[in-house]
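S.K.: Protein chains in written order, with this note's numbering: chain A, 84 to 494; chain B, 84 to 494; chain C, 123 to 459; chain D, 123 to 459.
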Ligand SMILES: Cc1ncc(C[n+]2csc(CCOP(=O)(O)OP(=O)(O)O)c2C)c(N)n1
Ligand SMILES: Cc1ncc(C[n+]2csc(CCOP(=O)(O)OP(=O)(O)O)c2C)c(N)n1
Ligand SMILES: [Mg+2]
Ligand SMILES: [Mg+2]
């Protein structure tokens, strides 16, 4: 044994200039995996943590036992879901543009991942609390958050409920079950567990939901949250959105030798499953199952949503420097909007024509709100929020030293 | 679903006043589990991560396939191992006494766990580096660390290689492969991985070994270390000493719904096994296997050593406040010294008489060193180290502001 | 009034609050069944049940992070970090989350958590049981930081902290847990049981955060300090026979600016004392405030006596601890300048 | 000499060191293939291979903790934290481990790690891309902390840091990455490419840690500052037409005590500037030093101009940033006192 050891480094299947290559991605057929009992234990979901729950097949048909969880949802809900996703994407497109025009400092889009947040939100009820990242805006859109407030936050103007305190997409909307988003990755995952513990301890009949990206599962908070959820078993759903990338870093770096992110939870004794996140029906079905489980006090569950980040990481990022330009198009699980549309057409509840019309409606809604909100100020033409707001809310009551500073600022 | 959720809290099987109860501990027969290939993957050691490797049976006989790894060790090594453990225990007894007499501020014993550190050390070679906690003193004893230095550290006198900087049992012994022990739990586990990466990157033919307690697996560093080991696959062994307690906290609190600590590693894609830590032969065999694996560049491995903390957590602790007074005696896996003694007698290489004699020898060695070291100062009768040493080594070169402080101290 | 040790006073505060407010929960390492390594929470789990007082895994960022989630959802967690030296894994959660949730959410969410931790040296704890990290928290807007030095204040301030709408770092000078300590480690240990400041009212009372306490009135020099150093200062002043005013700051963020400024304007001389490492310690901030507000009243440079810029050494504890001798030297220097 | 931006200068320093010393390794989030979100390490992986320059998972305590292990085993890791705002998960490893390994092991082990991170505001980054946490490191004995404000110093100091036997926190004022910035965000952006301080020698050179740089000589007042504020101070001084001495501290721990004391003794007036939050900021320490060493030379109270005690607000950045106006006001106050 005289030769030394060599480190291993994870690499994406393709780099710029190369052909996108998803040949190593396993694509289980839709409808194959059995439904798990609501009180499933970690030991009994090894397969579900390593494979992929899929409900919609190539023809747009809902197949297999998980489809049973769709019965709660009527076709209007599905059409609303389609509209949520279109709205989310339209806002992303318009805002990326506005950002490029210098009207806002920064923007983060969620293109390609719309099914997850939009679908999941449909299974929540009033009083449930999400602990999202910057990329779960779909929760707000599907949750009926007023677009004025959503856009106001991007433009940091009078419409902004946070009065310019936070970067665009770092929303906070307590009344819509959306915890104040932190720029520090991971931290919210533990808060979700603590909030759920509070719900249990104060006899509140609500659940909480942690959200985290694949890259951020590497954070200490991911461990902390799983550990705490494992120790106390509060009513919390822990979502991992695996979109293959963490800025420029391939998901393999965070995954290491592990097979899936879901499997990581099993070691903590937390049941975990893996879902095709581009399949709106699978999202609905599994979210329904998971919320039922957790509400019934069977303890935490982790869901890995398997998807692909089609857009740049943020408006500051240029992914063509680290991955093939058209990798998103090659994603073998398709586009969530296209797929749901196909399903609705397949079941005779939608048409190409209605789709075009819906697109136009969504666009005109967004354009109208955008105009109205932009009139209240953009970064090009700011309508300043008073400087004194800097000091508001540092504490509930302003202490003397901050009062003096406010005075020094002259406001 | 109107009833709310209830949190769960882990409880030890028995509390003070109750009868010790280990009925829920599974006790697999010795020799049952097959040997794993050196390049085993996480997926292929699920059983080994959930069961327990045992080599010595009730009669003191080495049984089963893991015994094959003992062939490297002759009977002298086993007798040396017995002596290491006796030495470790004798030092613990004497030092606990010295602490009670006020001769040192604090002491941490390892009674009951001697087989693990003492046995493991026998499989290391020069240049390997342990990253221990305060409870792995056995590594130094089995590694031939001069007793003067070991005891000097307890008494913070002229014999102390650390010149009074550190609490007793927080040793540092680079030349003996013993990294400077931190009082902050967990941190060393990551260092072990980084050190192993350095070994690989600079073509050093050595391994490193992380040590952590069951309670401290809850620390973020545990996750960080597993994650990093999983990402880069350096030559590192990650040891978890599960002695059932973290001060007053039952191991169930850190384990939560997880089944074993070993199983936690599987989620990271790191192979893991579980071993009867009170079975010196099992310790030797598995340590030999693990060091071979890692030296052969098959990547990291985690070992959960299953044992029981017989003594108080430290000289500041009184376990009778939180567990049955005689719980240690009820530990179903017995005492490591008794068991190895039994084995040696069973194979005709030891006797009760020789044992009594060895005990006397060990004691007189310790007493002699203790006298000599105590003569250089104890807390009752300190021989002061110069105050100026406070400032030595804060930096390689003393900056001006510290020079001024040293001057102010007047030394 | 009862005579209590500081430990008993702290326990009493938690007892009072657990009884008054069902939203109060207490957790941390070993605080549940066992009652904490310093026994501060002893008996509370038995009295209030496991849902109110419980043990946590050894993960300080979990302790704080869970507390933040609970606090945001309306509970009042009072958590223990076993030693201040172990708070750093929670530093991200404390400084980036607890401290900022109210502000960044424009007050949609808040974070009324209390984070208790024993601090300071004097028990031969070495570098990982002796730290005084207050300055690492006083630099963080959104936090409050308090450090009582008597049983009476400990109870009253802990109740205030638990009723505060914002996160409070509650530092407990462990060397004072059982009695006052004047820096002379060779003298017999004193107890709170026969000390005026060990008198602790029963039931609910509170001491406002943000207000200093005049430990000793005087006109010749102002000593600004807190924690164990209050008693070291007192002993030095008594042995020198100086008419010093000793101000126990006790609230380190926010500081009681009025009390500081008024006293130094009166005396014209000032010494600042703390056990923590000197460079970038809280004394720097206090001196900056003093020189800004009282420049024209100062008759001598403000002196500071602090711990050295080095880890707290186990065996050389008394060379590190800023004892009476160093305090006296500084007092003389500032009086003679 | 080449004209480089600060980013290019930093990259150049790493390039020089990677070439000179096989023990140098560089890692952090996105620093490998992509070359870092600020492109500081761009091209280095390609040039030196993946074993020398690599990506890490998003875990700052892993980045630092692995670096500590490597450094203790003789390597020279230079790691990147993507923004200073994200260093807190590594705070335990930095302050309890890196800073103390040499001391606690009585020099058996050491920890020559460099931890680079972009700091400061001015890019509309909001509260999690704008922080200036230097005081949270300058309080920790065993660390060194540097913060260059020119391409020339950036390269020379980074080389020094990478050759230093002890851990160095290397703060990079991100607003100066591409050019100097005088605080006037409405003015056209300046570039280092046509700036005297953008001249960077080729190859290896170093600038000693612990030595300040006189940015502008003067006799009327001393401005002690660092980073972006150096240029803000310069602009304010120029517009006021004051004969100020501007000292770019650049080494924040250890501070250049002689340079500070000498200048203030000469001018008798002093203003301290930084972008970080005021309370318990580094200005407090500097003022304490100044008043102690120069008390009898001071003709006016030392003024400080700093960021406010609040999170850095995204949209109100320019109300938060201590710009020329506030600096001028302080200068006038200290000159007129
Ligand atoms: C603690 C911390 N470290 C680093 C960053 C910088 N950062 C912002 S987003 C990001 C990538 C996150 O990737 P992932 O978790 O996969 O989420 P995604 O962006 O793909 O939704 C990084 C590294 C941060 N915000 N916080
Ligand atoms: C970060 C940190 N938190 C808390 C402590 C206090 N502490 C010291 S030992 C200990 C228990 C450790 O238990 P375990 O890891 O099981 O090791 P064992 O003592 O059983 O060997 C605790 C909580 C510490 N030293 N460091
Ligand atoms: Mg991602
Ligand atoms: Mg243990």
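Even for Gly, the Cβ is constructed at its ideal location relative to N, Cα and C.
Counting C-beta neighbours from all protein chains within 10 Å, is the total for residue 463 (chain A) 16 or more, i.e. buried, or is it exposed?
M.R.: Exposed, by the Cβ-count rule.
S.K.: Tell me, which residues are paired with residue 391 (chain A) by DSSP?
M.R.: Beta-bridge pairing links residue 391 (chain A) to no other residue.
S.K.: What ranges does the beta strand (DSSP E) occupy inside the stretch 196-250 of chain C, keeping only unbroken runs of at least 3 residues that lie completely in it?
M.R.: Taking only runs of at least 3 residues, the beta strand (DSSP E) segments lying wholly in the stretch 196-250 of chain C are 198-202, 236-241.
S.K.: Quick test of your reading: residue 221 (chain D) and residue 183 (chain D), contact by CB under 8 Å. State the CB separation rounded to the nearest angstrom.
M.R.: In fact, because the Cβ distance is near 14 Å, the residues do not count as touching under 8 Å.
S.K.: Compute the distance between the beta-carbons of residue 234 (chain D) and residue 198 (chain D), then report whether it is under 9 Å.
M.R.: In contact: residue 234 (chain D) and residue 198 (chain D) (Cβ atoms closer than 9 Å).
S.K.: Is it buried or exposed for residue 123 (chain C), if we count other Cβ within 10 angstroms and need 16 for buried?
M.R.: Counting Cβ neighbours within 10 Å, residue 123 (chain C) comes out exposed, since fewer than 16 surround it.
S.K.: Between which two residues does the beta strand (DSSP E) harbouring residue 413 (chain A) extend?
M.R.: Where residue 413 (chain A) is concerned, there is no enclosing beta strand (DSSP E), although the alpha helix (DSSP H) it sits in stretches over 410-413.
S.K.: Residue 330 (chain A) to residue 299 (chain A), Cα distance in whole Å?
M.R.: About 11 Å.
S.K.: Tell me the DSSP secondary structure of residue 150 (chain C) in three-state form.
M.R.: Strand at residue 150 (chain C).
S.K.: My guess is that residue 314 (chain C) and residue 473 (chain B) are in contact by the Cβ rule of under 8 Å, so how many angstroms apart are they, rounded?
M.R.: 31 Å between Cβ atoms; not a contact.
S.K.: Considering only C-alpha positions, which residue in the set A:405, A:403, A:420, A:408 is nearest to residue 390 (chain A)?
M.R.: The shortest Cα separation from residue 390 (chain A) among A:405, A:403, A:420, A:408 belongs to A:420.
S.K.: Determine the closest residue to residue 410 (chain A) out of A:395, A:289, A:399, A:377, with distance taken between C-alpha atoms.
M.R.: Residue 410 (chain A) has its Cα closest to that of A:395, out of A:395, A:289, A:399, A:377.
S.K.: Please identify the residue among A:486, A:416, A:135, A:249 whose C-alpha is closest to the C-alpha of residue 77 (chain C).
M.R.: Any question about residue 77 (chain C) goes unanswered here, given that chain C covers just 123 to 459.
S.K.: Please state the DSSP three-state secondary structure of residue 453 (chain A).
M.R.: If DSSP states are grouped into helix, strand and coil, residue 453 (chain A) belongs with the helices.
S.K.: Does DSSP classify residue 203 (chain A) as helix, strand or coil?
M.R.: Helix, per DSSP.
S.K.: Measuring only from the beta carbon, is residue 204 (chain D) closer than 8 Å to any heavy atom that is part of ligand 1?
M.R.: Yes, ligand 1 has a heavy atom inside 8 Å of this Cβ.
S.K.: With 16 other CB atoms within 10 Å as the buried threshold, where does residue 84 (chain A) fall?
M.R.: The pLDDT assigned to residue 84 (chain A) is 45, lower than 50, so where the model puts this residue is not dependable, and the model offers no usable value.
S.K.: Is the stretch 374-386 of chain A close to the stretch 299-319 of chain A, with three or more CB pairs under 8 Å?
M.R.: Result yes; three or more Cβ-Cβ pairs closer than 8 Å.
S.K.: Compare the C-alpha of residue 134 (chain A) against each of A:147, A:387, A:267 and name the closest.
M.R.: Considering only alpha carbons, the answer is A:387.
S.K.: Just jot down, in chain order, the residues whose CB lies closer than 5 Å to any heavy atom of ligand 1.
M.R.: Every residue passing the under-5 Å Cβ criterion appears here: A:218, A:267, A:268, A:296, A:297, A:298, A:299, A:326, A:329, A:330, D:151, D:180, D:204, D:208.
S.K.: Kindly indicate the opening and closing residues of the alpha helix (DSSP H) around residue 354 (chain B).
M.R.: No alpha helix (DSSP H) holds residue 354 (chain B); DSSP gives it neither H nor E.
S.K.: Just to check, is the beta-carbon of residue 393 (chain B) closer than 8 Å to a non-hydrogen atom of ligand 2?
M.R.: No.
S.K.: Can you check whether the C-beta of residue 84 (chain B) is within less than 9 Å of a C-beta belonging to chain A?
M.R.: Since pLDDT at residue 84 (chain B) reaches only 45, below the 50 mark, its modelled position is unreliable, and the value read off the structure follows with that caveat. Chain A, which has a Cβ nearer than 9 Å to the Cβ of residue 84 (chain B), makes this yes.
S.K.: Can you check DSSP and say which residues form a bridge with residue 460 (chain D)?
M.R.: No answer is possible for residue 460 (chain D): it lies beyond the span of chain D, which begins at 123 and ends at 459.
S.K.: When you compare the CB positions of residue 373 (chain D) and residue 332 (chain D), do they come within less than 9 Å of one another, or not?
M.R.: Taking 9 Å as the Cβ cut-off, residue 373 (chain D) and residue 332 (chain D) qualify as a contacting pair.
S.K.: Looking only at its chain, what residues have a beta carbon closer than 6 Å to the beta carbon of residue 468 (chain A), apart from the 5 residues adjacent to it on each side?
M.R.: Closer than 6 Å at the Cβ level, and outside the excluded window around residue 468 (chain A), lie 246, 247.
S.K.: Which residues, in chain order, does the stretch 169-195 of chain C contribute to contact with chain B at a C-beta distance below 9 Å?
M.R.: If the cut-off is 9 Å between Cβ atoms, the stretch 169-195 of chain C has 172, 173, 176, 177, 178, 179, 180, 181, 182, 183, 184 near chain B.
S.K.: If the cut-off is 8 Å on Cβ atoms, which residues from the stretch 204-219 of chain D count as contacting chain B, listed in chain order?
M.R.: Going along the stretch 204-219 of chain D in chain order, one finds 211, 214, 215, 218, 219 with a Cβ nearer than 8 Å to chain B.
S.K.: For residue 91 (chain B) and residue 96 (chain A), what's the separation of their Cα atoms in angstroms?
M.R.: Roughly 43 Å between the two C-alpha positions.
S.K.: Who pairs with residue 322 (chain B) in a beta bridge, going by DSSP?
M.R.: Note: residue 322 (chain B) sits in a beta bridge opposite B:294, B:386.
S.K.: I'd like the span of the alpha helix (DSSP H) that includes residue 441 (chain D), first residue to last.
M.R.: Unbroken alpha helix (DSSP H) run through residue 441 (chain D): 439-442.
S.K.: For a minimum of 3 consecutive residues, which ranges assigned as the beta strand (DSSP E) are wholly contained in the stretch 353-403 of chain D?
M.R.: The qualifying runs are 366-370, 373-375, 392-399.
S.K.: Excluding the 5 residues preceding and the 5 following residue 270 (chain A) in the sequence, name in chain order all residues of the same chain whose CB lies nearer than 6 Å to its CB.
M.R.: Here the set comprises 304.
S.K.: Is the stretch 361-378 of chain A touching the stretch 141-154 of chain A, taking contact as three or more C-beta pairs under 8 Å?
M.R.: Verdict: yes, contact present.
S.K.: Indicate whether at least one CB of chain B lies closer than 9 Å to the CB of residue 209 (chain A).
M.R.: False, the Cβ-Cβ gap to chain B never drops below 9 Å.
S.K.: Evaluate the contact criterion for the stretch 118-127 of chain A versus the stretch 399-419 of chain A: three or more CB pairs, one atom per stretch, below 8 Å.
M.R.: The stretch 118-127 of chain A is not in contact with the stretch 399-419 of chain A.
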